[in-house]
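Here's the structure, in structure tokens; my notes come after.
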Amino acid sequence: MDDAGKVKTVEELAALIGGRVSGDAQIGIECVASIGSASVGAVAFVEDRKALESAQDCAASALIVPDGAGEHARGIAHKVPAIIEASKPRLAFVLIGRILHPQKRREPLIHPTAFIAPGANIALTAYLGPHVSIGEHSTIGTGTRIEAGVVVGDDVTIGIDCVLHPNVTLYDGVTLGDNVVLHAGVCIGADGFGYVRDDVGYHKFPQIGTVVIEDGVELGAYSCVDRAALGQTRIGRGTKIDNLVHVGHNCDIGERVVIAAQTGISGSVTIEDDAVIGGQVGFGDHVRVQSGAVIGSKAGVLPGKVVRPGVWWGIPIQPLDEYKRLNAHMGRLPQMREEIKELRRKVQELEEKVHDQG
Amino acid sequence: MDDAGKVKTVEELAALIGGRVSGDAQIGIECVASIGSASVGAVAFVEDRKALESAQDCAASALIVPDGAGEHARGIAHKVPAIIEASKPRLAFVLIGRILHPQKRREPLIHPTAFIAPGANIALTAYLGPHVSIGEHSTIGTGTRIEAGVVVGDDVTIGIDCVLHPNVTLYDGVTLGDNVVLHAGVCIGADGFGYVRDDVGYHKFPQIGTVVIEDGVELGAYSCVDRAALGQTRIGRGTKIDNLVHVGHNCDIGERVVIAAQTGISGSVTIEDDAVIGGQVGFGDHVRVQSGAVIGSKAGVLPGKVVRPGVWWGIPIQPLDEYKRLNAHMGRLPQMREEIKELRRKVQELEEKVHDQG
Amino acid sequence: MDDAGKVKTVEELAALIGGRVSGDAQIGIECVASIGSASVGAVAFVEDRKALESAQDCAASALIVPDGAGEHARGIAHKVPAIIEASKPRLAFVLIGRILHPQKRREPLIHPTAFIAPGANIALTAYLGPHVSIGEHSTIGTGTRIEAGVVVGDDVTIGIDCVLHPNVTLYDGVTLGDNVVLHAGVCIGADGFGYVRDDVGYHKFPQIGTVVIEDGVELGAYSCVDRAALGQTRIGRGTKIDNLVHVGHNCDIGERVVIAAQTGISGSVTIEDDAVIGGQVGFGDHVRVQSGAVIGSKAGVLPGKVVRPGVWWGIPIQPLDEYKRLNAHMGRLPQMREEIKELRRKVQELEEKVHDQG
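As structure tokens, this is what we get:
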């Protein structure tokens, strides 16, 4: 990953993120790094004043710190020649990282080993790598990069500036917006899991809907989004999904949703904008997660449940506070049993005494 | 997905499923659709009389309803020109869907970019897509469709009318029956996870068995079925498995079993015919699930357990009724603690009184 | 999988593992098999004296038994002409299996459909199968076998005698040691899942680190190891990982660690040497698992937790003993409720009596 961009001065970088420099503003920066590993030419960051303590031996050429912490930082990180104050140091670090380490670019190319079916429409500035296969009447937008071994079905639409990493599979008829990133092996549009049983066995319910992935979505390696039975499965704009996640048929995932690795979402689940879902969560079908809900890792959500805003936890899910309270109660079970035993002893004593006195 | 079949009349469709038509039997139908999205030319269905209420504004050209509900349906779904009564409306919808939306067909082809090793035996009517690779002495049956990027090892046998979606991997020596559907990236025959440890580290136990996938099995995207250490791993006829499922070495999965997404099955597990397994379930090794058992999502089954017919839930699994009862008890823990506190107060009072009276 | 090696005599095999033969030492052995399925020409094993009972009808040509159990074995397994005593029968079986069933070998080859970018450095004895793609400046070591459809990015280093099964993806810049085995579809080096949110949405944290997979590691089908944000993600020497496992960015997995299928490991988790992790376990970020810890399947480990040596279980994890004790307590909840009810009745009686006596 050494596609590093060109060297920038601290001054240039600070200007780009609206930061204030103290120290040597003309020093050259060529990469981002962590506090612990940074050396000459690198910029690092500390999130808050407390974290500044860890920067004592920092060997970076520049350090991004919170607004107002510049002087304090110069005192602690005395080896660092330039300090940049920023209102949101982590975000500033991200933006500077994007400049110093620009995304890999490929020159426009249709690799000679790629196969393009009749009627496909490939933008002149697209990149199709080795052994890529594009189906009939599919469209690839400008600047889109399709890496080796990707298989695109028929009648697929892919927007501009997308990146499809190796061995992705897009089934027939699915649609990707712009700036979509699909990591290795993502699978969009496989049949939903729906069958009707009769005496002989299972018959597949029609799986003739489609999938729409909106602008700016990123999906992790081997995550799967099934096509709708009828209608469409949707992943909303700006949503980020980790590796090995399963999204069932007819799900409607909103915008800016975050879903961590290995979570599984049954059919017809709705997740509204800005929800945050942990890893290895399981959703029964027809769940609705409302905007503002946060669901902890490994939670289980029963079919049909409406998950309101707030933090949820456990199997089945409950508000985090209740979950904690119940867990605390459970931890006291041995003590409760002791107390009951003690009470029984005392009550028996009392009964005997009262009987004697009676 | 617009490989729609030819238009059929309501009369033709009703005849195929043994249904009874009222209204305009000659109207043309070209697709299936849901109640809510159906428009002219579509057939929809309602499962039961209660669901008929949702058909008030249905704009379909035909509606499948339960036997005997025809007249009632004509009253409610007054915009729908044809009603088909069927004994099992959902099944009728599935069968009609299969006729109106036939599975994608490919003309027989060996794509020029496909690689076929010496001694492989490819049926004349098979389809091998771009960048497919077939190993030595492997056999591909008539009508089988192998999509782009699939890798078939040596000595593999694939039956007739199978569909292997893109990027599937079959290791050496595995066997698929007829009408098997493998979604993108399914992996059959990787080594089982078995090692023997000595002072130096782990040595792989021999993984020299094989895998047999019987007729009519369907496996979801990226599901994995490991080869047996010795002997064979089997998936029985008509079994349906969802995405990202792991089936370990030497498992024996029966016929018409259903397994939802992300379930993991350790080595040497037996699941008998007609069992139903939810998503994200985990099985320890040497479990036996008996025919008639239903295991809820996210359940955990301890090694060696025999799971009898009935509905099971939880970690570790217990009968659903017991699970619910225990959950109810747990919900009353705070109240129990209060009651114990109250009892202790009362007992102390009593002790004091009895002492005073003594 | 019939790449069987050459036939060996019992005497030769026993010599290789330091075993002692009784019976016909010249009999020929060509394969390993289980007790139940072994026939002429096969060697089977029993782990301990108790298991010998299962060998009564064993039809193998040779049987490996524990040291000192030879005579006893000849009495029970009377059909088996040769008995080999070994101090560790299972390990002896593994070592003999490796000789009789050697790993598949490929003649050195660069398949004509493989694509090799400029500046890549492929050892003369390497095998590159059909439709393989190797990026710029990548290095493939001697004897390494890369099966069909594998995609290797730019600046990747692969050591000697590795096996990459079909459709593996290695992103740019990752490093594999020697004797690494990656099963179908393993993905090394995809971006870690880290974002910073502002008013507009999520911005990706720089994912510019790398991944190092050390010697002798084996990863199961579709397991994913993400690249570090900054720095490196490491899988230590001799570690074995099952199918569909997720290893997040910046994890440091030690040597000889075992991780079963579908486990998910968040970012910046450290797992020390020789730990054993079950299937479907979930780790929050910044967990440290100490050497000697064993974590049961389906367990959940909260972020930042230090897991000490011992056996752990449950969500969140607790020592197995405590987990069992708590489970036993929970099972007694109905009885506890009954006891509380009974106590309340008795206390009320007492109160009445004491009141009457007062």
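Chains as they are written, first to last, in our numbering: chain E, 1497 to 1854; chain S, 1497 to 1854; chain D, 1497 to 1854. Even for Gly, the Cβ is constructed at its ideal location relative to N, Cα and C.
In the DSSP assignment, no residue is bridged to lysine 1794 of chain E. Taking all protein chains in view, the Cβ of aspartate 1852 of chain D is surrounded by fewer than 16 other Cβ atoms within 10 Å, so the residue is classified as exposed.
A direct Cα-Cα distance of roughly 24 Å separates arginine 1723 of chain D from leucine 1624 of chain E. By the Cβ neighbour-count rule, glutamate 1834 of chain E is exposed, with fewer than 16 other Cβ atoms within 10 Å of its own. The stretch 1656–1667 of chain E makes contact with the stretch 1680–1697 of chain E: 3 or more CB pairs, one atom from each, lie closer than 8 Å. Excluding the 5 residues flanking it on each side, glycine 1649 of chain S has same chain C-beta neighbours closer than 6 Å at Gly1631, Leu1666, Tyr1667, Asp1668, in chain order. Here the C-alpha atom of leucine 1591 of chain D lies approximately 27 Å from the C-alpha atom of aspartate 1748 of chain S. Judged by DSSP in its simplified three-state form, glutamate 1543 of chain E adopts coil rather than helix or strand. Straight across, the Cα-Cα distance linking arginine 1804 of chain D with proline 1815 of chain D is about 10 Å.
Within its own chain, the residues whose Cβ lies closer than 7 Å to the Cβ of arginine 1545 of chain E, once the five positions on either side in sequence are excluded, are Pro1562, Ala1565, His1568, listed in chain order. Under the three-state reduction of DSSP, arginine 1752 of chain S is assigned to coil, being neither helix nor strand. CA-to-CA, the gap between arginine 1641 of chain E and asparagine 1675 of chain E works out to about 10 Å. Restricted to the stretch 1780–1850 of chain E, the alpha helix (DSSP H) segments that are unbroken, complete and at least 4 residues in length are 1816–1827, listed in chain order. For alanine 1582 of chain E, the uninterrupted beta strand (DSSP E) segment begins and ends at 1578–1582. For the set E:Gly1645, E:Thr1621, E:Pro1626, the Cα lying nearest the Cα of isoleucine 1636 of chain E is the one of E:Thr1621.
Residues of chain S whose Cβ lies closer than 8 Å to the Cβ of tyrosine 1691 of chain E are, in chain order, Lys1736, Val1754.
Close to chain D, meaning a Cβ-Cβ distance shorter than 8 Å, are the following residues of the stretch 1623–1648 of chain S: His1627, Ser1629, Gly1645, Val1647.
In terms of Cβ geometry, glycine 1732 of chain S and glutamate 1751 of chain S form a close pair [threshold 9 Å]. At a Cβ-Cβ threshold of 9 Å, lysine 1801 of chain E and valine 1850 of chain S do not count as neighbours. Listed in chain order, the beta strand (DSSP E) elements of length 3 or more contained wholly in the stretch 1646–1712 of chain E are 1691–1693, 1698–1700, 1706–1709. Using a Cβ-Cβ cut-off of 9 Å, alanine 1555 of chain S does not count as an interface residue toward chain E, since no Cβ of chain E sits closer than that to its own. Of all residues in the stretch 1792–1803 of chain S, only Ser1793, Lys1794 place a beta-carbon less than 9 Å from a beta-carbon of chain E.
For the pair of segments examined, the stretch 1574–1583 of chain D was found not to touch the stretch 1687–1695 of chain S: the number of CB pairs separated by less than 8 Å stays below three. Within the stretch 1833–1850 of chain S, contact with chain E at the beta-carbon level (separation under 8 Å) is assigned to Arg1833, Ile1836, Leu1839, Arg1840, Val1843, Leu1846, Glu1847, Val1850. DSSP, reduced to helix, strand and coil, places proline 1608 of chain E outside both helices and strands of the structure shown, so it counts as coil. Counting of Cβ neighbours within 10 angstroms places histidine 1574 of chain S among the exposed residues, the total staying below 16. The closest CA to that of arginine 1730 of chain S, considering only S:His1679, S:Gly1716, S:Ser1764, is found on S:Ser1764.
Look at valine 1743 of chain S here: in three-state DSSP terms it is strand. The three-state secondary structure of leucine 1715 of chain E, taken from DSSP, is strand. Chain D places a beta carbon closer than 9 Å to that of arginine 1586 of chain E, counting this residue as a contact. A check of alpha carbon separations from alanine 1511 of chain S across S:Ala1534, S:Phe1589, S:Leu1829, S:Ala1555 identifies S:Phe1589 as the nearest. Proline 1562 of chain S sits in a strand when the DSSP states are folded into three classes. Here valine 1753 of chain D is buried, its C-beta having at least 16 other C-beta atoms within 10 Å. Residue pairing from DSSP places alanine 1538 of chain D in a beta bridge opposite D:Cys1527.
If you check each beta-carbon in the stretch 1716–1743 of chain E against every beta-carbon of chain D, the ones closer than 9 Å belong to Gly1716, Ala1717, Tyr1718, Arg1733, Gly1734, Thr1735, Lys1736, Ile1737, Asp1738, Asn1739, Leu1740. Valine 1790 of chain D is not a Cβ neighbour of isoleucine 1761 of chain D, given a cutoff of 9 Å.
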